[in-house]
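Our numbering applies: residue 87 is where the sequence shown begins, and numbers increase by one.
Scroll down for the structure; my scribbles are underneath it.
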Amino acid sequence: MKQPCPIDTTQMSKAYDPHAVETLLYEWWEKQGYFKPEIAPPDARPFVIAMPPPNVTGELHMGHAITTFIEDLMIRYHRMQGRAALWVPGTDHAGIATQLQVERMLAREGLSRQQIGREEFLRRTWEWKEKYGGRIQLQLRRMGASCDWDRERFTLDEGLSRAVRECFVRLYEKGLIYRGEYLVNWSPGLQTAVSDLEVEYREEEATLYYFKYPIAGARLEDGPGVGYIPVATVRPETILGDTAVAVHPDDERYRHLIGKTCLVPILNRPIPVIHDTYVSMDFGTGALKITPGHDPNDFEIGQRHGLPIINVFNPDVTMNENAGPYAGLDRYECRRRLWADMEAAGLTIKTEKYVTQIPHSQRGGEVVEPMLSTQWFVRMKPLAEAGLTAVRDRRIVIIPERFTKVYYNWLENIRDWCISRQLWWGHRIPVWYCQECGQMIAARVDPTTCTQCGSTRLEQDPDVLDTWFSSGLWPFSTLGWPDDTPDLRRFYPTDVMETGYDILFFWVARMIMQGLEMTGQVPFRVVYLHGLVRDAQGRKMSKTAGNVIDPLEMIERYGTDALRFSLLTGTTPGNDINLSEERIVAGRNFANKIWNMVRFVVGHLRQHPVEFPEDVTQLPLALADRWILSRHHEVIATVTRLIEAYQFGEAGRQLYEFMWGELADWYIEMAKIPLTGQDEQARDTTLRVLVYILERCLRLLHPYMPFVTEAAWQHLPHRGDALIIARWPTPGARDEEAETMMQLVMEVIRAIRNARTEYNVEVGRHIPAVIVAGEKAALFRSQADILIQLAHLDAEQLDIVAELEAKPQQALALVVSGVEVYLPLAGMIDLEAERVRLSKELEKVQEQLARSERTLSNPNFVNKAPPEVVEKERAKMTALQEQAGKLRERLHVLTGEM
Ligand SMILES: [Zn+2]
87 MKQPCPIDTT QMSKAYDPHA VETLLYEWWE KQGYFKPEIA PPDARPFVIA MPPPNVTGEL
147 HMGHAITTFI EDLMIRYHRM QGRAALWVPG TDHAGIATQL QVERMLAREG LSRQQIGREE
207 FLRRTWEWKE KYGGRIQLQL RRMGASCDWD RERFTLDEGL SRAVRECFVR LYEKGLIYRG
267 EYLVNWSPGL QTAVSDLEVE YREEEATLYY FKYPIAGARL EDGPGVGYIP VATVRPETIL
327 GDTAVAVHPD DERYRHLIGK TCLVPILNRP IPVIHDTYVS MDFGTGALKI TPGHDPNDFE
387 IGQRHGLPII NVFNPDVTMN ENAGPYAGLD RYECRRRLWA DMEAAGLTIK TEKYVTQIPH
447 SQRGGEVVEP MLSTQWFVRM KPLAEAGLTA VRDRRIVIIP ERFTKVYYNW LENIRDWCIS
507 RQLWWGHRIP VWYCQECGQM IAARVDPTTC TQCGSTRLEQ DPDVLDTWFS SGLWPFSTLG
567 WPDDTPDLRR FYPTDVMETG YDILFFWVAR MIMQGLEMTG QVPFRVVYLH GLVRDAQGRK
627 MSKTAGNVID PLEMIERYGT DALRFSLLTG TTPGNDINLS EERIVAGRNF ANKIWNMVRF
687 VVGHLRQHPV EFPEDVTQLP LALADRWILS RHHEVIATVT RLIEAYQFGE AGRQLYEFMW
747 GELADWYIEM AKIPLTGQDE QARDTTLRVL VYILERCLRL LHPYMPFVTE AAWQHLPHRG
807 DALIIARWPT PGARDEEAET MMQLVMEVIR AIRNARTEYN VEVGRHIPAV IVAGEKAALF
867 RSQADILIQL AHLDAEQLDI VAELEAKPQQ ALALVVSGVE VYLPLAGMID LEAERVRLSK
927 ELEKVQEQLA RSERTLSNPN FVNKAPPEVV EKERAKMTAL QEQAGKLRER LHVLTGEM
């Protein structure tokens, strides 16, 4: 049902109050169906963005705010361009983050997930999601996000779960998903593999332990290279999992040892000495211990040399049976005891402090351990090839361009993707194992019997999929894939994927690869990457640094539009944004300025109503009207071109400059003359021009500041029900003649204003002036009212002439683009007082000048002082000479004497 806009247009508050209109307007827009693509005609070309789904656990931060604002800007702009604009919202189930929240909640009740079991745990997690998962939606609404809430999705909802299953089984059937042993980042606290994204490297001081790798059959006393090989490590407990010692093949110190056998300290397990060019001869001792089970580089070396892999940790990183006498100990306790035992056995050399990068689990905080485990993987090479081609063919364009290289580089060096997680909250891996015959079944529908032996004893894989597996399907799963839905047919591929540059690989690249593989089409045509929001000094915002600016707090304080405008005009593609509260205050001031401009016009309209002007070109326009209309058309063209080129920040800044710098500061000041004058036709024309330009400026500004523009627009004469669905304006013809003429008049006004400031003329004082304008005299005579009004001239004492016989005495002379302006000083200041002041100042300068000249004529000074001191004195003298010259000139003007 259509409802009228809830804004009360019978009165307009003195100041703009964001809190009075934001919620009101948002609810009205939504109820009217304006956020839906169906508001456009059925044959309209779609414009589609899939919103990067925020974590369901999320609290809004500036990163979300900038994402939301840029996407909403694009959606609102294209909606106004007549496209069927669709912005699909949704949230991500955020596997680890959500599971941790619920586990913490259980811990407060003295429970663990293992105690309550999988089913009960999932029930509680859903309960948690229902209770808290809606916060992010409320926050998005407050930011003005005009997304289609009827199409909202959740990565764990039924449709998306089916999409995930379809994708998994297809890849499995194609042989692109396999199960294998691999080194993963193991989080001991969470007891799961975590992705590279969830590992945080912190620079820390560690201890580097130097020790002796004894050579079998030799004596330690015979020294390095004979009795032992010196090796260093920061993790001595991993010595227990070593399966080789590696040296460089060209290293004179150890070359003769290649092929010999070393003994693992304490365990005395024999391992080979191998050679590998990966070893750097000049680093450390020049020899490496190789632990394929607990170090990614060692794992690679191990693969090259066919070394066995020994895992020494249990899942909770206590030592396992492979650690011999240390089995059962915590990893750090093991480190201490092993080192003590090695010391006693004479195997240690020294320890030293060493600053290094230590990997921590981002969620749990504990040190992550590279560990070998059986996981599910996606074979990435074939998928990456398609992803590379799509960008090389420019079927997908990345903005800014420079990230294309980064994208290529990542995909060309891609490793297989570990997709299994040892969690409960997520998409469970759709693979069943037959307990009778060991058959492995991947299925779209839960199987009840074994495909090989018919047994019903099937068990599903306990792990779930990496969250990014489901978010990689986001652009099409949200539109109904794998079903062939009307939405999928109409709105896929989407148009723009907009996100921070920091998740280009983790997410964007995967969407491209999964999209191409599953749908045969690119999931979007443009990738737009924005920068990170930093503080005013360019530092990363963090809780520890205490420099976090909370978007909701800012919205509360200054209104949504203020925050939107400050963030949007701070952006250039791919570059970081430095945000300060002052910028947001400036945004708030701009919102107020707009309100006041509209309020000014509305005030006059109450006395002299005019209809909405569809066209103003037929009106009897004054020069000022022609000028501002021409400038307005230019701004429409520029803003449109910049938005189309993704230069949202520059487009906003240009619009701001026009609205404040030209429309408010100049045209409205000029308009006050006809608005308060007696000429009815002139007043009517001015009002129509004002309404025409302001209404169209509100349209241009709407994607940046949706609330204040809609509220103000409702007060102005307009066509249609709402600004949000008004058409984007198209530029009319430029009037270059009017622009040139008006520019000249404005330059003269500016020059007079500057002179007034220089001479400290009181603001209210109307001063006399003589303008000698040659062939432009007629122009200036026609604009006399504007000159008088804006330069505060005395109408009785304004002379505009083509030529002048003699220059006026005792007058300030200004020359502006060939136009001479004389301002008689008697009209501006007290002549005698000024003469005295200038004379005194000249006297003072002359004294200093004389001193300087004496110094420089003294040969002792010139020859003996350091050259830079002499140079400085010369510069000082020159400056004083100039100053004296200027003062004499001013005195000359003042007294009329030479
Ligand atoms: Zn079976």
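Using N, Cα and C, we set each Cβ at its ideal position, and we do this for glycine too.
Inter-residue distance for Q185 and I505 is about 17 Å (C-alpha atoms, whole angstroms). Excluding the 5 residues flanking it on each side, V134 has same chain C-beta neighbours closer than 6 Å at L172, F577, T580 and D581, in chain order.
As for any alpha helix (DSSP H) of minimum length 4 sitting wholly inside the region 465-552, the runs are 467-478 and 489-498, ordered along the chain. Membership of E906 in the beta strand (DSSP E) is indicated by the continuous run V905 to P910.
Each residue's CA atom was taken as its position, placing Y732 and E157 some 11 Å apart. For the 8 Å CB-CB criterion, L977 and M963 do not form a contact. For G266, same chain residues with a beta-carbon under 6 Å away, outside a window of 5 residues either side, are F463 in chain order. Nearest Cα to M745 within the set R465, Q200, I779 and L917: I779.
With a minimum length of 3 residues, the unbroken runs of beta strand (DSSP E) contained wholly in the region 833-895 fall at 853-858 and 879-887. A distance criterion of 7 Å places the beta-carbon of E286 beyond contact range of ligand 1, judged by its closest non-hydrogen atom.
Cβ neighbours of D336 within its own chain (closer than 8 Å, five residues either side excluded): M367. Among the bridge pairs identified by DSSP, V285 is matched with S447. Taking C-beta separations shorter than 6 Å and ignoring five residues to either side along the sequence, the partners of N271 in its chain run V280, V285 and V454, following chain order. Using a cutoff of 7 Å, the CB of S541 counts as near ligand 1, since one of the ligand's heavy atoms is closer than that. When C-beta atoms of the region 371-380 are compared with those of the region 327-334, three or more pairs fall below 8 Å, so the two segments count as touching. Comparing C-alpha distances from V612 to each of E730, R692 and R674 shows the shortest one belongs to E730. Here the alpha carbons of G309 and Q461 stand approximately 44 Å from one another. For C420, the CB stays at least 7 Å from every heavy atom of ligand 1.
In this structure the region 384-393 lies against the region 350-370, because at least three pairs of beta carbons, one per stretch, are closer than 8 Å. Counting C-beta pairs with one atom in each stretch, the region 816-826 and the region 714-730 have three or more that are closer than 8 Å, which means they touch.
Judged by beta-carbon spacing, L469 lies beyond the 8 Å limit of R507, meaning their Cβ atoms are not closer than that value. Between H616 and R162, the CB-CB gap reaches or exceeds 8 Å.
Put simply, the backbone Cα of V619 is about 8 Å away from that of I152.
Cβ neighbours of E822 within its own chain (closer than 8 Å, five residues either side excluded): S716.
Residue pairing by DSSP places F240 opposite T177 in a beta bridge. Distance from the Cα of G673 is smallest, within the candidate group N408, I589, V794 and R813, for V794. Not one heavy atom of ligand 1 lies closer than 7 Å to the C-beta of Q546.
Per the coordinates, the alpha-carbon of Y790 lies some 6 Å from the alpha-carbon of L159.
Straight across, the Cα-Cα distance linking D636 with G735 is about 21 Å. CA-to-CA, the gap between L497 and T564 works out to about 25 Å. Exclusion of the five residues before and after A798 leaves I680, W681, V684 and L784 as the residues of its chain whose Cβ lies within less than 7 Å of its Cβ. Per DSSP, F947 is one residue of the alpha helix (DSSP H) stretching across P945 to K950. At least one heavy atom of ligand 1 sits closer than 7 Å to the Cβ of Q538.
In terms of Cα proximity to E259, the closest of G747, M604 and A877 is M604. Taking all protein chains shown into account, E954 has fewer than 16 neighbouring C-beta atoms within 10 Å of its C-beta and is therefore exposed. Around the beta carbon of C253, 16 or more other beta carbons lie within 10 angstroms, which makes this residue buried.
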